[in-house]
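Protein chains in written order, with the numbering used here: chain D, 1027 to 1456; chain C, 9 to 329; chain Y, 6 to 275; chain L, 6 to 275; chain R, 25 to 483.
Every residue, glycine too, gets a C-beta built ideally from N, C-alpha and C.
Some notes on the structure that comes next.
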Amino acid sequence: MSETTATAPKPFDWSSPEAMAKRKRRYAADRRLRLYGLVSILVAIGLLGILIASLVVTGYSAFVQTKIAVEFTADPENVPAEDPGAGNFRAVVSNAVQALFPEIENRRELRTASKILSNGATTIVRNHVIANPGLVGQTFTLEVPASDPFDQLNKGVIDRNLPEDRRRVSDAEIELFESLEARGLVSTPFNWGLFFNADSRFPELAGLAGAVVGSFYALLVCFLISFPVGIAAAIYLEEFAPKNRWTDLVEVNINNLAAVPSIVFGLLGLAVFIQVFGLPRSAPLVGGMVLSLMTLPTMIIVTRAALKSIPPSIREAALGIGASKHEVILHHVLPLALPGILTGTIIGLAQALGETAPLLLIGMNAFLTSPPGGIMDPATALPTQIFIWADSPERGFASRTSAAILVLLGFLIFMNAVAIYLRQRFERRW
Amino acid sequence: ARDQIRIVGSSTVFPYTQAVAEEFGNATDFPAPVTESTGTGGGMQIFCGGVGVDYPDITGASRAMKESEYKLCLENGVDSVTEVQIGSDGLSIAHSVEGPEIDLTKAQIFQALAAEVEVDGKIVANPYTRWNQIDPSLPDSEITVFGPPPTSGTRDAFVELVMEEGCEQFPAIEALEGDRKDEVCKRMRTDGPFVEAGENDNLIVQRLQADHNALGIFGYSFLYENQDTLKAVAVEGVKPTPETIADESYTVSRPLFFYVKNAHRGVIPGLQEFVEEYVSEEAMGPGGYLEERGLIPLSDERREEVRNAAIEGKNLTRYTQ
Amino acid sequence: MNMLTDAAVEAVLTEAPKETLKMRGSGVNVFYGEKQALFDVNLDIRENQVTALIGPSGCGKSTFLRCLNRMNDTIDICRVNGEITLDGEDIYDPRIDVVELRARVGMVFQKPNPFPKSIYENVAYGPRIHGLASTKSEFDAIVETSLQKAGLFNEVKDRLHEPGTGLSGGQQQRLCIARAIAVSPEVILMDEPCSALDPIATAKVEELIDELRENYTIVIVTHSMQQAARVSQRTAMFHLGHLVEEGPTDKIFTNPDDKRTQDYITGRFG
Amino acid sequence: MNMLTDAAVEAVLTEAPKETLKMRGSGVNVFYGEKQALFDVNLDIRENQVTALIGPSGCGKSTFLRCLNRMNDTIDICRVNGEITLDGEDIYDPRIDVVELRARVGMVFQKPNPFPKSIYENVAYGPRIHGLASTKSEFDAIVETSLQKAGLFNEVKDRLHEPGTGLSGGQQQRLCIARAIAVSPEVILMDEPCSALDPIATAKVEELIDELRENYTIVIVTHSMQQAARVSQRTAMFHLGHLVEEGPTDKIFTNPDDKRTQDYITGRFG
Amino acid sequence: MTGYLFLAILALSLIAFYVGRSTAGRFVAAHGAEVHSRPIYHGAFAAVWVGLPALVLVVFWLLFQDGVIDRLLIASLPESMKQGASPSQLSLYLSEIKNVASGRIFTEPSPEISAAAERYQRWQAIAQWAMVVVALSVSALALYMARTRMAPQFRARQNFERALDIVMILSAAVAIIVTLGIIVSLTYEAIQFFRLVPPHEFFFGLNWEPQIPIREDQVAGTGAFGAVPVFTGTLLIAAIALLVAIPVGLFSAIYLVEFADERVRGIIKPVLEILAGVPTVVYGFFAVLTVAPAIRQAGGMMGIAISPNSALAAGGVMGIMIIPFISSLSDDALRAVPQSMRDGSFAMGATKAETVTRVLLPAALPGIVGGILLAASRAIGETMIVVMAAGLTATLTANPLEGVTTVTVQIVTLLIGDTAFDNPKTLSAFALGLVLFVVTLCLNVLALRIVRRYREKYE
Ligand SMILES: Nc1ncnc2c1ncn2[C@@H]1O[C@H](COP(=O)(O)OP(=O)(O)OP(=O)(O)O)[C@@H](O)[C@H]1O
Ligand SMILES: Nc1ncnc2c1ncn2[C@@H]1O[C@H](COP(=O)(O)OP(=O)(O)OP(=O)(O)O)[C@@H](O)[C@H]1O
Ligand SMILES: [Mg+2]
Ligand SMILES: [Mg+2]
Ligand SMILES: O=P([O-])([O-])[O-]
């Protein structure tokens, strides 16, 4: 050791006041960083909380629905026993309203009174009678939804104490409704219709079944395309493709695809899938394909990261005993990368679930009164349904919009939970 | 082959079409039509794209078809189109109930919202930023007006019904010629006070609820549904109500239409029946279910006329003569 | 060289006659991108003997070892030229099947790297992919023999279905050896198999290598001169990518031809 | 114990009188969650001596070492009780400042772990965070002295601003030692500092340890008995979490009191 | 029908798999170790051979069948109907024929149509059966060929793996094809645009008012196409978003990795990830209805005039959305820094803060930059939030309190519902899209360079 020419460092007095002060500052910096972190997390979670809370505040009332118990009489004069479907159910309903308010005599008032019942009452009664043909000639009680203004009145969204000219419902209408309340005919049960009805022009009848089914089909298509294609592409790029300028370019390019506005994917889908391939407009098949174009880059990026994180020692071990490259990947790398791949899948699908803009371009914002029967039928999706409802004047749609968003978030949280569960199941240490 | 009717067009007509479509789907064995809201202009573009199953059968419009659009139709072989007026819609200017009562003339609105206005006989870039700068009797608050974007028919209607009429009050503008006059009269300012707020009228409504000094321009049905929080601005002394709109004393109202592609009648199942349902008394008559949704019905004679024309498939001839 | 026992010297001498050639590298050059890591290496590996590769860090021992079963193929930038034969066949011949080659030339790495699977599955993996067994009992037999040969069976026989990653370092290394043996390779390559182990585990692995030599040809890279002296019959000394010298272990350790070998060995045994 | 030179024995003997206590562990118990890793360990570390900790894998050597500068604090599940003092002060006292403690008791790890920064920054890191220097020239001086003490300066003086991760394993380990020295600690803990190194690098590090002993107190964990014999003055033998015996190195290696020590040492030196 | 055909092909591949496997099994029994590949690979090879070509054939058949039949149908119509009929009229005939053929008759069809409908039904049946026969014989032939190739020395594994390779390469090609599709379609329309509007006006003009009349009689503006304010607006909003998201995301990640315990992290990380999945429409509402008025009110109290469409509101809310991209990816990156780096730093007496800022962050830089890049990409490409919350008016300003517009807002307003691609207004959307694509590409290349350059490698 010829190098020990240097002098020994001067001893440092660790307990001198300067040293103490210095350390104090360092600890303060430490606490500050911790505080920033905590504040950041609280801010982020707080914002999420505010978001959800505001949705709950506006949306909770959509989960119940005002209903009115009405006695209907399917007298054979209006409803022919041989073909109940062809009956005049408008008459049946207006007779029932007349029976509900015997004091009303003129036609105008009667019409006002029948507005308390949902416009869908006719269809509800019709379907009920068609399902039970034995009811022809009978009197039966059905709970039918109240129309939106009265639903809002009952839920207190419309303030009965406001002056009449600032209210959607008149004094006379309130009086009629209150007489129903007094007779105990008004109830507010859980609104199953929100989940089992398709869309409707009438808020009290509108439900999410169509959008949920449409979103489900679109996501299914999206998953079936982007999951295998994304994984296969990622494996090829990460494990097989030579590493050179070209693959760098491909990598940059895939990252860049993630920045392409989703609406451009919508344009591409419109031009290629609908105009060139002639696939039907508004179909979940096309929606899913467009969404998969969008999620593919995310899938590929995340899957590649997951593959990269598998230690080379595992690969070498398998190669070293004579496994082929494909076997190494299939037997060892993929199972170990699965948790990461699942994260990517979920992020990708979550993004697809909430995406609106490209669906507008391919017509998945149509108004449809029945859920799609398959991936080729016209359909809406949850976000476009939200978009449509948000644009409707009726008060009832305001709360339904929030409720629909909550349902979508529920979907999302469910998907996340599944992912986390799977992630934990497949997570293995090495 | 397609077995449902396809409808595109105005977002203003969309809710009425939805209601009819739903009723039609429930009451008949035909599948319910597929309805998309694309805006009037966009709807026209798609509708006039051609004849055949790839193109829609009906488009809704919050203003009458223009000649240029009709020509586009003709070019693409859509040579027989029936125009059906379904009623009218008041364009309302409204603000929060917390705000003061406001009564505006069209000239004042023009002064507040145009890109260029007349000041002291000269045409200059709009200098007004507060209402009371236009007229001392108006409130001392900033001009903030949320309105529809140029892609919407509502915007077209507003320009035509308010701005163009408002600008007629100014001699220096009146003195202009041709294109230049058009531009001054029709161009909205882009320096802030007029805020193009997108196609979603509810967003405007809710912004007004948050911002008590702002005004908004949107369809009457949104005002009707939100009377507890919003109130109308009187235009030329008249506030929009179903009565004033129907009797046309409220002058900012416009007719609503839909257009049927006659070549599709008898080919697309249920198209004829759907049109019949749309013009039926239960739908567009007084007390019909469309009125409940905010449509202002036509007069009795006019309805009769429209109904016959719609059912027979009378060709639109306005631009061919 | 007081560490080399007489027994070892004797062993080398008595075994000399039955030496046959198993692998041969002639004129091997290896490049990592632009950089050359091995220069014209000529080295013979004899059957049923232990060949030790020694030399200072970065001299190319691992590189040469990985050439012998073409593990270098997995490094994109690595190019090999020259000829390496296994039983006279060129292993870099394009017609050769790498998978088969690696089954015949097994490898144990410096850092124990068991699969994150059960102990049983770790050992059974090789036979499974090569189709060496088909029934459960055949697999059981292979797993047991391999673990026994690796001197691990008694320690793990009650926990065959627990993860291999849960074993201690030394046990993991022996598991990797068992895994390599399970496909009955002809040659086993070991890259510093004991560097992570304590003396007791090291002793066990060394014993094992000595036993394996009966049936297998073994090439071992080591930094420990004692270990090279204890377990190998032949030693090859590398320096800066060149093969400095090669010969019977006792000769290299007692009477090296090359000054650098001398320095390297004595640099430790001063 | 033919490996222990007379010189070393002499050194131990001549140094005996000036032995003063630097650190002391009394009744140290360490738990990882439920599992107890150390049982009632009592061990004294003498100033300006090298204390070697030996014992089979998993016996708790690293655990004890990490207690000495509270590096165990970074492991969530780790609990320490008993008393450990530095210059008579209890280092587990809540009033003690860990930052100061770790500056006074430096540590070098088994695997060289230079920061992914330049060589210069690696060494300057400690002085920088502790504010030991303020001007560029002060830093330069510290970096140079530290590298010189670690015997690395000449090798790297032209590439001080290249990444420390680009050095060879032995150089990296010496860089880590330089980094530890740079804050002028009083005690240096080394956990198997040579296990990743080739013999030449190992020799350099051992020489270095011997020199550092002049100014620092050193505790070293090693698996190599030769190493322990060569560099340490005192040796402590651990087994299954217990301190088996402790004493002057020559005594432990020639005439241990405990059967287990005997076995462990001879298990290697047969 | 088609469904059954797919099932049949699947069943055939399955059979082929078993045939292949058992044949190879016999080889093994006979030749032992000389057999090259394991039986399972022989099976897989046979299955791929039998399944893939037939599937590809069926898919192509289905793609073209309808077109061919339509053409035949039209050709078979009587001259009287074809005479002078426009293509669209013919398409209506086709529709009617198909409706009649499927029994949806609502007016009495003409005899020509009825006849055509019958023909249609017949031809469809023929085509279907032909497809079945062809597909199944292709499968059978493939099975035969696969069987003849099988031999003990046959390299079934290599062949099967080659098939896998092809599938993987095709998958990777999808991403490339999508890019090409985007570039081609954007470029084509953008060139059209630059024919109408000189590029220098687009690239250097400061005035953006694309609302030139869609219809001759509409006047909405003069039609100015200076894209500079649109891009500055995009950058402004993205910058605000990143200003919100980077500190919050990074500090959250640091807290989760270094300060929080494992359980807390296990809960908080996925909760934060929800933020990324909330539909953007919802954020749009949040921005417009909650954040923008709040900012405006705050400004009002301080006497600052704030636009209702302020960039601050849109960018801020977008920032919330992209927090998880930064927090999750930085979390992963920090976590991947080996423990030995932390130990090294702590052993020097560094505090946690010093360790994080001086050692961990630099070491995790590539991962963090990757996360920020993805977040920035999302911010630039995000549509719904800005459509709802940002303005439509292009203002050249760096003041976050003013309203600006973004590329995506313009693309949406210019394109939604309007599919006439022949006036500069709609075409300008494509030019914007193309330039955005190029700009983000450059950003990505730059980021890759920076990361490569400054990465502190810790291995
Ligand atoms: N993947 C690689 N890329 C580039 N260079 C490499 C790579 N692997 C090894 N090298 C270089 O090749 C040379 C020989 O490396 P090799 O790993 O064979 O050394 P070694 O003798 O095994 O050393 P050690 O004893 O430290 O393991 C070294 O200079 C090394 O830097
Ligand atoms: N972080 C940890 N969590 C749980 N148990 C641990 C942890 N670190 C060490 N142990 C356990 O504590 C015991 C002592 O470990 P330690 O690392 O001190 O052993 P060692 O003597 O250093 O062994 P080696 O020579 O292999 O490094 C072992 O049984 C080990 O499994
Ligand atoms: Mg090596
Ligand atoms: Mg240890
Ligand atoms: O959708 P519009 O009615 O506004 O064109």
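Per-residue contacts from residue i into chain L (C-beta, under 8 Å)
{"i": "R:Thr381", "result": "Under the 8 Å cutoff, chain L gives no residues; its nearest Cβ is about 10 Å from R:Thr381."}
{"i": "D:Lys1048", "result": "His135, Gly136"}
{"i": "D:Arg1057", "result": "Result: empty, since nearest Cβ-Cβ is about 13 Å, beyond 8 Å."}
Beta strand (DSSP E) segment containing residue i, residue limits
{"i": "L:Thr56", "result": "55-59"}
{"i": "C:Gln93", "result": "89-104"}
{"i": "L:Asp196", "result": "192-196"}
{"i": "D:Val1083", "result": "No beta strand (DSSP E) contains D:Val1083, which is instead part of the alpha helix (DSSP H) from 1043-1085."}
Cross-strand partners of residue i (DSSP beta bridge)
{"i": "R:Trp232", "result": "R:Phe249"}
{"i": "Y:Cys83", "result": "Y:Tyr37"}
{"i": "L:His247", "result": "L:His244"}
{"i": "C:Asp111", "result": "C:Ala242"}
Contact test: residue i Cβ vs ligand 1 heavy atom, cutoff 7 Å
{"i": "D:Gly1346", "result": "no"}
Closer than 9 Å at the beta carbon, the chain D residues around residue i
{"i": "C:Val105", "result": "Arg1192"}
Distance cut-off 7 Å: residue i Cβ against heavy atoms of ligand 5
{"i": "C:Gly161", "result": "yes"}
{"i": "C:Pro263", "result": "no"}
{"i": "D:Gly1233", "result": "no"}
{"i": "C:Ser348", "result": "Since the displayed chain C opens at 9 and closes at 329, residue 348 of chain C lies outside it and no answer follows."}
{"i": "D:Thr1410", "result": "no"}
Member of the options whose CA lies at the smallest distance from the CA of residue i
{"i": "D:Pro1159", "options": "D:Ser1080, D:Pro1106, D:Ile1347", "result": "D:Pro1106"}
{"i": "D:Val1359", "options": "D:Asn1104, D:Phe1253, D:Ile1257", "result": "D:Ile1257"}
{"i": "D:Ala1309", "options": "D:Met1320, D:Leu1435, D:Pro1397, D:Gln1091", "result": "D:Pro1397"}
{"i": "R:Val380", "options": "R:Pro362, R:Phe88, R:Gln148, R:Leu460", "result": "R:Pro362"}
{"i": "R:Gly308", "options": "R:Arg320, R:Gly343, R:Arg289, R:Ser331", "result": "R:Gly343"}
Contacts that residue i makes with chain D (C-beta to C-beta distance below 7 Å)
{"i": "R:Arg181", "result": "Ser1350"}
Any non-hydrogen atom of ligand 2 within 7 Å of residue i CB
{"i": "L:Ser67", "result": "yes"}
{"i": "L:Tyr37", "result": "yes"}
{"i": "L:Cys64", "result": "yes"}
Limits of the unbroken alpha helix (DSSP H) element including residue i
{"i": "R:Thr304", "result": "304-309"}
{"i": "R:Met412", "result": "408-413"}
{"i": "D:Arg1152", "result": "1147-1157"}
{"i": "L:Asn111", "result": "The question names Asn, but residue 111 of chain L in the sequence shown is Gly. Looking at the DSSP string, L:Gly111 is not in any alpha helix (DSSP H); the run it does join, the beta strand (DSSP E), is 110-113."}
Contact set between residue i and chain D, taken where Cβ atoms lie within less than 8 Å
{"i": "Y:Thr84", "result": "Before going further, note that residue 84 of chain Y is Arg rather than Thr in the sequence given. Ordered by position in chain D, no residue passes the 8 Å Cβ test against Y:Arg84, which lies about 13 Å from the chain."}
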